[in-house]
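These notes concern the structure reproduced below.
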Amino acid sequence: MGGDLASYDRSLIFGVYSTINVIVFMSGVLIFMMQAGFMMLETGGMSRKNAINNIFKNFVDACVCGIFFYWFGYPILTGDSILVDWMREMGFAHTTENTSPGPIVTLNDDISLFFNFAFAATCVTICSGAVTGRIAPYAYLFFGAVFSALIYPVVAFTVWNPDGMLYGVIHDFAGSLVVHGLGGFAGLAGAIMLRPRIGEFNFGRGQIDSYRFAGSSISNAAHNIPISALGVFFLWIGWYGFNAGSTFAAGFDLSEIDLSATQDQPDMIANAIFEQLIGGFGQVVINTTLAPCAAVFSVLAFFMVTQNKYNISDLMNGALAGLVGITANADAATAPIAVLIGVLSGAVYVIAVIFMFRAKIDDPIGAFPVHGAVGLFAGGMFALTTGDMELGPIVFGTQMFYGAMICMFGFLSALVTFWVASRLMYVIKKLGNSQYFDYGPMPRNHLRVTPEQELAGMDLELHGQDAYSINLTAPGKAKTTF
926 MGGDLASYDR
936 SLIFGVYSTI
946 NVIVFMSGVL
956 IFMMQAGFMM
966 LETGGMSRKN
976 AINNIFKNFV
986 DACVCGIFFY
996 WFGYPILTGD
1006 SILVDWMREM
1016 GFAHTTENTS
1026 PGPIVTLNDD
1036 ISLFFNFAFA
1046 ATCVTICSGA
1056 VTGRIAPYAY
1066 LFFGAVFSAL
1076 IYPVVAFTVW
1086 NPDGMLYGVI
1096 HDFAGSLVVH
1106 GLGGFAGLAG
1116 AIMLRPRIGE
1126 FNFGRGQIDS
1136 YRFAGSSISN
1146 AAHNIPISAL
1156 GVFFLWIGWY
1166 GFNAGSTFAA
1176 GFDLSEIDLS
1186 ATQDQPDMIA
1196 NAIFEQLIGG
1206 FGQVVINTTL
1216 APCAAVFSVL
1226 AFFMVTQNKY
1236 NISDLMNGAL
1246 AGLVGITANA
1256 DAATAPIAVL
1266 IGVLSGAVYV
1276 IAVIFMFRAK
1286 IDDPIGAFPV
1296 HGAVGLFAGG
1306 MFALTTGDME
1316 LGPIVFGTQM
1326 FYGAMICMFG
1336 FLSALVTFWV
1346 ASRLMYVIKK
1356 LGNSQYFDYG
1366 PMPRNHLRVT
1376 PEQELAGMDL
1386 ELHGQDAYSI
1396 NLTAPGKAKT
1406 TF
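For the sequence shown, the positions run 926 to 1407 when the working numbering is used.
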């Protein structure tokens, strides 16, 4: 830190340093708590026979992300990686010097690492909801490792690091594109490669007996909506850390505060600084509250117009869509604009759900409609914050163009990663127990568990546990009903 401000009161400077580090750390804790929210949302929204497997995926992928992001991902994000050096040589990254005119209070390196890890873990977990119910666990963990170590960090570096090509080109305050759009489109790639669960969109009909096929459709239904609802509230609470914590993710520039009239009044200096600290922070919190509320009513309006019954799962996803929509714009939007963004986010979610249904893409939890589709359009909705009818369309086009590039990168890189995972699973199944290689009459897809495991439930077949019962037989011999 430098500049004239240091001569006033060094204790005040260290007070600001402590304040922003504590805020960012606690925000990181809230973001990491979103892992529990995703776990509950996904587990309750799926069949009871896969509850343990859903918990396994969401729990272990956070651990995988912790290791791989620490060793590989974070150095890429900060620009201290051989990969970034290669990107600079190829023209995909810049080399800039710190030209800040004033003293910037920066985050502690370890706090910054933890905060960014929480972001990376969120991005990885988003993919889980799109592929759950049929993906082989080790294939998913391989994907999580690659995504944490390479795919997410490269995108985050490109958008948020001053050396990144898109730094300052697009506005993505807390990750509508970098986290949610990227994760949602990666999940879409996985859902397409895996194909639907048995019984969804008639997948598997004619290849297994009719009785078991009929039972599979019933067993795919959500089994614990209250748990899912609790998960949504955990996510909403965690989102305050996601958005508000991002206010200080890059530190705090003290030169933005005019202290010329208060040089001899330390108390007024303190008031000016902390008013600036809390002022922007508070507006982000309000916007993060209003947008999901408005999105719920947007989805509710759709049900009121089209049918007499209101699907609570869609209403909850509508709230999440509103949160995704405001994430890119929480720092720039006024309260009325936040409400408008929420309404539009709910509409985009509904349109994306209809698209997925007509395309017969099985996304059990709605990861792509909530995160992918809304995340992409959230970047474009930054144009609403400009308040300029002439500049707005230009901003919208720029945001959508580069946002689409980010999302397409996530989609294509996920396709490649899942393909590599399928080849690895093929080798593992060949070398291991032959029962894990028996797909019967079903098309072979080595990203998936076998039809027998999928129909019986992965809890008993793969984990030897039942989430709600202790009446177990030996693993592999367990019986279950639909």
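Built from N, CA and C at the ideal position, the CB exists for glycine as well.
| request: Can you give me the start and stop residues for the alpha helix (DSSP H) that Thr1003 sits inside? | output: Annotation for Thr1003: the continuous alpha helix (DSSP H) segment containing it runs Tyr999 to Thr1003.
| task | Look up Gly1250 in the DSSP assignment and say whether it is helix, strand or coil. | result | Three-state DSSP puts Gly1250 in a helix.
| query | For the alpha helix (DSSP H) that contains Phe1321, what are its first and last residues? | reply | Leu1316 to Leu1356 is the span of the alpha helix (DSSP H), which, as asked, contains Phe1321.
| query | Is Gly1176 buried or exposed, if buried means 16 or more other CB atoms sit within 10 Å of its CB? | reply | Here Gly1176 is buried. Its C-beta has 16 or more other C-beta atoms within 10 Å.
| query | What whole-angstrom Cβ distance do Glu1125 and Asp1287 have, given they're in contact under 8 Å? | reply | Correct: roughly 5 Å between the Cβ atoms.
| request: Compare the C-alpha of His1096 against each of Val1264, Val1299, Ala1253 and Ala1260 and name the closest. | output: The shortest Cα separation from His1096 among Val1264, Val1299, Ala1253 and Ala1260 belongs to Ala1253.
| query | Who are Arg1373's beta bridge partners in DSSP? | reply | Answer by DSSP bridge pairing, in chain order: Ile1060.
| message | By the three-class DSSP mapping on this structure, what secondary structure does Ala1146 have? | response | Three-state DSSP puts Ala1146 in coil, outside helix and strand.
| request: Report yes or no: do three or more beta-carbon pairs, one from the region 967-979 and one from the region 1377-1386, lie closer than 8 Å? | output: Two segments are said to touch when three or more pairs of C-beta atoms, one from each, lie closer than 8 Å; by this definition the region 967-979 touches the region 1377-1386.
| task | Report buried or exposed for Asp1035, applying the criterion of at least 16 other Cβ atoms within 10 angstroms of its Cβ. | result | The residue is exposed, with fewer than 16 neighbouring Cβ atoms inside 10 Å.
| Among all the DSSP beta bridges, which residues are the ones paired with Asp1178? | Paired residue(s): Ile1029.
| field | For Asn1236, the first and last residue of its enclosing alpha helix (DSSP H) | value | In this chain, Asn1236 is not harboured by any alpha helix (DSSP H), its DSSP state being neither H nor E.
| field | Under the three-state DSSP convention, the category Ala1018 falls into | value | In this structure, Ala1018 counts as strand in the three-state DSSP scheme.
| Straight-line CA distance for Phe1326 to Gly1305? | Between the alpha carbons of Phe1326 and Gly1305 lies a distance of about 9 Å.
| task | Give a yes or no on whether the C-beta atoms belonging to Ala1147 and Gly969 are separated by under 8 Å. | result | With contacts defined as CB atoms closer than 8 Å, Ala1147 and Gly969 qualify as a contacting pair.
| request: Can you give me the Cβ contacts of Gly1170 inside the same chain, cut-off strictly under 6 Å, excluding the 5 residues immediately before and after it? | output: Here the set comprises Val949 and Ser952.
| Any idea what DSSP makes of Gly1089, helix, strand or coil? | DSSP, read as helix, strand or coil, puts Gly1089 in strand.
| query | For Met1012, does the count of other Cβ atoms within 10 angstroms reach 16, so buried, or fall short, so exposed? | reply | By the neighbour-count rule (16 or more Cβ atoms within 10 Å), Met1012 is buried.
| request: Can you say whether Asp1005 is buried or exposed, counting buried as having 16 or more other CB atoms within 10 angstroms of its CB? | output: The C-beta of Asp1005 has fewer than 16 other C-beta atoms within 10 Å across all chains shown, which makes the residue exposed.
| With DSSP run on the structure shown, which of helix, strand or coil describes Lys1285? | Lys1285 falls in the coil class under three-state DSSP.
| field | Buried/exposed call for Asn1127, threshold 16 Cβ in 10 Å | value | Exposed.
| If you drop the 5 nearest sequence neighbours on each side, which residues of the same chain put their C-beta closer than 6 Å to that of Leu1448? | Nothing in the structure corresponds to residue 1448, since the chain is present only between 926 and 1407.
| query | Met1118 lies in the alpha helix (DSSP H); which residues open and close that run? | reply | That run of the alpha helix (DSSP H) goes Leu1107 to Leu1119.
| field | His1388 in three-state terms, based on DSSP | value | The answer is helix: DSSP assigns His1388 an H, G or I state.
| message | Taking 8 Å as the cut-off, does the region 1206-1218 touch the region 1228-1241 (at least 3 CB pairs, one atom from each stretch)? | response | The region 1228-1241 makes no contact with the region 1206-1218: fewer than 3 CB pairs, one atom from each, lie closer than 8 Å.
| query | Is there contact here, the region 1255-1274 with the region 1218-1225, by at least three beta-carbon pairs under 8 Å? | reply | Result yes; three or more Cβ-Cβ pairs closer than 8 Å.
| query | Is it buried or exposed for Met1408, if we count other Cβ within 10 angstroms and need 16 for buried? | reply | In the structure displayed, the chain extends from 926 to 1407; residue 1408 sits before or after that span and is not available.
| task | Specify the secondary structure class of Met971 as computed by DSSP and reduced to three states. | result | Coil.
| request: Leaving aside the five residues before and after Arg935 along the sequence, list all residues of the same chain whose C-beta is less than 7 Å from its C-beta, in chain order. | output: For Arg935, where only same-chain residues beyond five positions count, there are no Cβ hits under 7 Å.
| said: Restricting to runs no shorter than 4 residues, where is the alpha helix (DSSP H) found entirely within the region 943-992? | reply: List check, alpha helix (DSSP H) in window: nothing returned.
| said: Just verifying my parser: in three-state terms, what is the DSSP assignment at Arg1013? | reply: The answer is helix: DSSP assigns Arg1013 an H, G or I state.
| said: If the criterion is Cβ atoms closer than 8 Å, does the pair Gly1250 and Ala1303 meet it? | reply: Yes.
| task | Check the C-beta distance from Cys990 over to Ser1101 and give it rounded, since I have them as a contact under 8 Å. | result | Contact flag wrong, Cβ pair sits at about 20 Å.
| Should the region 1343-1352 be regarded as contacting the region 1061-1070, the criterion being three or more beta carbon pairs within less than 8 Å? | Contact annotation: the region 1343-1352 touches the region 1061-1070, with at least three C-beta pairs closer than 8 Å.
| Tyr1136 - DSSP class collapsed to helix/strand/coil | In this predicted model, Tyr1136 has a pLDDT of only 49, less than 50, meaning its place in the structure is not dependable; the value taken from the coordinates is given anyway. In this structure, Tyr1136 counts as helix in the three-state DSSP scheme.
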